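Peer 1: Let me begin by handing over the structure; questions about it come next.
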Amino acid sequence: MRIAKMRVPGGALGHFDMGWTDASAGRYYLADQSNKSLDVFDTHENTFVKRIPGFVGFSGDDNTSGPDGVVSISRHEVWVGDGDSSVKVVDIPTGAVVDSISTGGKARADGLAYDPQDGLVVTANDADSPAFLTFISVPNHAVKGRILVADATDGIKQTVYDDTTRLFYTAIPSTTSRPGGEIRVFDADLVLAGTKELYGCNPHGLTLGPAHQLLVGCNASTHVVIVDDTTLNVLADISQAGGAEEVWYNPGDNQYYVAENDQQGLAVIDAGTMTFVGVAQSGLNAHSVAVDERLNHVFVPIAAPDLACPRGCIAVFATVTGDRAAIFRTP
15 MRIAKMRVPG GALGHFDMGW TDASAGRYYL ADQSNKSLDV FDTHENTFVK RIPGFVGFSG
75 DDNTSGPDGV VSISRHEVWV GDGDSSVKVV DIPTGAVVDS ISTGGKARAD GLAYDPQDGL
135 VVTANDADSP AFLTFISVPN HAVKGRILVA DATDGIKQTV YDDTTRLFYT AIPSTTSRPG
195 GEIRVFDADL VLAGTKELYG CNPHGLTLGP AHQLLVGCNA STHVVIVDDT TLNVLADISQ
255 AGGAEEVWYN PGDNQYYVAE NDQQGLAVID AGTMTFVGVA QSGLNAHSVA VDERLNHVFV
315 PIAAPDLACP RGCIAVFATV TGDRAAIFRT P
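If you read the sequence shown in this note's numbering, its first letter stands for residue 15, the second for the next number, and so on.
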């Protein structure tokens with residue numbers, strides 16, 4: 015159920031991209047393109063904390079707008095993709111961009127993933143032609159290498175890192191030979207370790223769950239898929255949720271959350287049974303989702319001029335134990 019909404023000061027929240035939570039710090043971060051900033055919120059008080067400027071903002075074209083992807087390296091350091099093909103390093107306590115790392119492209123640096131074992135951040139240069147992945151060293155802020163995805167016909171979406179397999183998993187929405195998309199697997203030496211074709215999916219969102227589950231948010235259809243990330247075998251195909259952009263696993267309640275942008279819904283999947291739970295109404299352009307695993311609160315930004323948030327806001331959802339039927343409308 016929706017329990018609160020966090021107001022975003024400044025210009026109306028018409029354009030934004032990804033969100034990220036750091037439960038240990040009690041913070042939610044939003045890539046706010048309307049205000050050319052990384053916005054910081056307190057997840058315990060559901061309040062705005064500060065705005066960190068230094069990003070290109072909405073350019074009129076999503077492919078060159080920013081900020082975009084967000085990932086926290088520590089309680090004090092967050093890395094953010096931007097519309098000028100850079101990844102910016104943000105110091106949270108001072109509220110300053112302390113470095114800007116060029117990825118060598120002409121368009122945005124989009125989704126990010128962090129590998130703490132090898133000290134790498136990966137970003138998708140999804141709007142360049144050809145699209146490519148950039149691997150950046152966290153200790154020295156230098157580009158380690160790039161992987162071209164020349165056969166991608168609809169860019170590159172989310173990458174995630176599994177610290178047990180020590181591999182990166184990347185969603186490729188569509189390729190010349192696999193129009194339904196695929197998952198590509200790489201190691202820290204930028205070597206291709208495997209692929210998995212997906213039919214009728216066009217994968218955008220990826221998130222790691224328990225027991226090597228990898229939930230895939232299918233953007234172009236009304237289903238999501240759960241894959242075993244050690245074998246790449248499909249474990250479940252769930253037809254009640256889809257049209258997904260960002261997805262998130264919450265170990266706090268052992269559930270997946272799926273931002274259904276097209277349907278303006280927040281779908282919930284039980285990771286234990288790999289079955290659909292329900293879907294709550296979200297709002298306009300609600301393509302981003304992040305969860306505070308300690309509070310079991312779910313954060314979904316909603317664009318202006320949504321009826322519930324005329325200037326845009328961050329909708330906050332929470333589950334009510336034992337009363338799932340009262341929380342969601344089921345299709």
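Ideal placement from N, C-alpha and C gives every residue a C-beta, glycine not left out. The model shown is predicted, which means the values in this text are computed figures rather than measured ones.
Which runs of the beta strand (DSSP E), 3 residues or longer, sit entirely within the stretch 40–88?
Peer 2: 41–46, 51–56, 61–67 and 84–86, all fully within the stretch 40–88.
Peer 1: Short of 7 Å in beta carbon distance, which residues of its chain neighbour alanine 339, apart from the five on each side in sequence? Order them along the chain.
Peer 2: For alanine 339, the predicted model reports a pLDDT of 40, less than 50, meaning its position is unreliable and no value from the coordinates is stated.
Peer 1: Using only the alpha-carbon positions, how far apart do glycine 276 and alanine 127 sit?
Peer 2: The displayed chain sequence assigns aspartate, not glycine, to residue 276. Near 25 Å, if we compare the C-alpha coordinates of alanine 127 and aspartate 276.
Peer 1: For methionine 32 and arginine 65, what's the separation of their Cα atoms in angstroms?
Peer 2: Taking the straight line joining both Cα atoms gives about 15 Å.
Peer 1: Less than 7 Å between the C-beta atoms of valine 84 and alanine 45, yes or no?
Peer 2: Yes, the Cβ-Cβ distance between valine 84 and alanine 45 is below 7 Å.
Peer 1: Among the residues of its own chain, which have a CB less than 6 Å from the CB of glycine 24, if the five just before and after it don't count?
Peer 2: Within the same chain, glycine 24 has close Cβ partners Asn49.
Peer 1: Please determine, among Val241, Leu220 and Arg160, the residue with the shortest C-alpha to C-alpha distance to alanine 202.
Peer 2: Cα-wise, what sits closest to alanine 202 is Arg160.
Peer 1: What does glutamate 366 pair with, by DSSP beta-bridge criteria?
Peer 2: Residue 366 lies beyond the stretch modelled for the chain, which goes from 15 to 345, so this question has no answer here.
Peer 1: Going by C-alpha distance, which of Asp129, Ile150 and Asp243 is nearest aspartate 113?
Peer 2: Minimum Cα distance to aspartate 113 is reached at Ile150.
Peer 1: With a 10 Å radius around its C-beta and 16 neighbouring C-beta atoms as the bar for buried, classify threonine 289 as buried or exposed.
Peer 2: Flag for threonine 289 reads exposed.
Peer 1: Among Thr57, His29 and Thr244, which one has its Cα closest to the Cα of alanine 37?
Peer 2: When only C-alpha atoms are compared, the closest one is Thr57.
Peer 1: Across the stretch 216–232 and the stretch 293–300, are there enough close Cβ pairs to call them in contact, namely three or more that are closer than 8 Å?
Peer 2: They do not touch, by the three-pair rule.
Peer 1: Serine 99 and glycine 118 look like a contact to me (Cβ under 8 Å); what is the Cβ gap, rounded to whole Å?
Peer 2: Right, their Cβ atoms sit about 7 Å apart.
Peer 1: Quick one, are the C-beta atoms of proline 187 and lysine 171 less than 7 Å apart?
Peer 2: Cβ atoms of proline 187 and lysine 171: closer than 7 Å.
Peer 1: When the Cα of asparagine 264 is compared with those of Asp242, Gly223 and Leu246, which residue comes out closest?
Peer 2: Minimum Cα distance to asparagine 264 is reached at Gly223.
Peer 1: Residues in the same chain with beta-carbon distance under 8 Å from aspartate 365, minus the five sequence neighbours each way, listed in chain order, please.
Peer 2: Lying outside 15 to 345, the shown extent of the chain, residue 365 is not represented and no answer is given.
Peer 1: For glutamate 259, which residues from the same chain have a beta carbon less than 8 Å from its beta carbon, with the 5 sequence-adjacent residues on both sides left out?
Peer 2: Answer for glutamate 259: His218, Gly219, Gly231, Asn233, Ala273, Asn275, His301 and Ser302, listed in chain order.
Peer 1: Taking C-alpha atoms, which residue in Phe62, Thr78, Gln269 and Val312 lies nearest to arginine 21?
Peer 2: That would be Phe62, whose Cα lies nearest to the Cα of arginine 21.
Peer 1: How about alanine 141 and asparagine 77: are their beta carbons less than 7 Å apart?
Peer 2: Going by C-beta atoms, alanine 141 is nearer than 7 Å to asparagine 77.
Peer 1: Whose C-beta lies closer than 8 Å to the C-beta of proline 345 among residues of the same chain, with five residues either side of it excluded?
Peer 2: Here proline 345 scores only 30 on pLDDT, less than 50, and its place in the model is too uncertain to base an answer on.
Peer 1: State yes or no: is the C-beta of tyrosine 271 within less than 7 Å of the C-beta of leucine 229?
Peer 2: Not closer than 7 Å, so no.
Peer 1: Label isoleucine 17 either buried or exposed according to how many other C-beta atoms from any shown protein chain fall within 10 Å of its C-beta, with 16 as the threshold for buried.
Peer 2: Result: exposed.
Peer 1: Going by other Cβ atoms of all chains shown within 10 Å of its Cβ, with 16 needed for buried, is serine 88 buried or exposed?
Peer 2: The residue is exposed, with fewer than 16 neighbouring Cβ atoms inside 10 Å.
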